[in-house]
Structure formats: structure tokens, C-alpha cells
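Peer 1: First the structure, which I've put down as C-alpha cells, then a few questions once you've had a look.
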Amino acid sequence: MQNQAVRYVIRSTAAAAGGIATAATSVAAATLAASIIFSPAADASSRLDGVHTDLARAVQLNQITEEQAARFESKLAGRILGEA
């Protein structure tokens, strides 16, 4: 009987901890989403700087070639600056 009681307490505690972790994750996700939504939009030059940095990192990691990065950056620049 004591073994059953111990198993019950362990399962209940694990379930409660899982519920708390899920709730904490939901709160963290909602907080992050709100901070993104309510933050001011970045200007075009800072967005392009971020794109350039991200693409340079992708080239360093051999995820894309330099030519692919240049074409993609050019395409995004046109969209960000409203040219296309």
C-alpha cells in the first residue's frame, strides 16, 4: 500500500510540475510576442544591416554561397526600400 501511495505522490508532483512549466512557457511566449508587437519598427537601413549580417553568417556556415547571398540581399533590399 505504501508503494502505491509513493507512486501516486510522484505522479501527481510530476503532473503538477509539467502544468507549471507549460503555463510558464505560455506566459514567456506571450510576453515575447507583446514586446515584438509593441516595439517600434526598425528603419530600412537597420533592417538591411540585419539582413546583411544574417546572410554573411549563413555564408560562413556554408549554408548558402556568396552569390546566393548577394542575389537574395538585392531582392530583399528592393522590397524593403519599396522598389519592387
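Going letter by letter, the sequence shown gives residues -23 to -1, 1 to 61 in mature numbering (1 follows the signal peptide of the UniProt record, and there is no 0). For every residue, glycine included, the Cβ atom is placed at its ideal position computed from N, Cα and C.
Within the continuous alpha helix (DSSP H) that includes residue 53, where are the two ends?
Peer 2: Where residue 53 is concerned, the enclosing alpha helix (DSSP H) stretches over 43 to 57.
Peer 1: Suppose the cutoff is 7 angstroms on Cβ atoms and the five residues either side in sequence are ignored; what does the same chain contact list for residue 35 look like?
Peer 2: These residues qualify, in order along the chain: 41, 46.
Peer 1: What are the start and end residues of the alpha helix (DSSP H) that includes residue 33?
Peer 2: Looking at the DSSP string, the run of the alpha helix (DSSP H) that includes residue 33 is 21 to 37.
Peer 1: Rounding to the nearest angstrom, what Cα-Cα distance links residue 59 and residue 5 in this structure?
Peer 2: Taking the straight line from one Cα to the other gives about 34 angstroms.
Peer 1: Between the Cα of residue 52 and the Cα atoms of 25, 39, 20, 33, which residue gives the shortest distance?
Peer 2: When only C-alpha atoms are compared, the closest one is 25.
Peer 1: Just mark residue 32 as buried or exposed, buried being the case when its beta carbon has 16 or more other beta carbons within 10 Å.
Peer 2: With 16 or more Cβ atoms within 10 Å of its Cβ, residue 32 is classed as buried.
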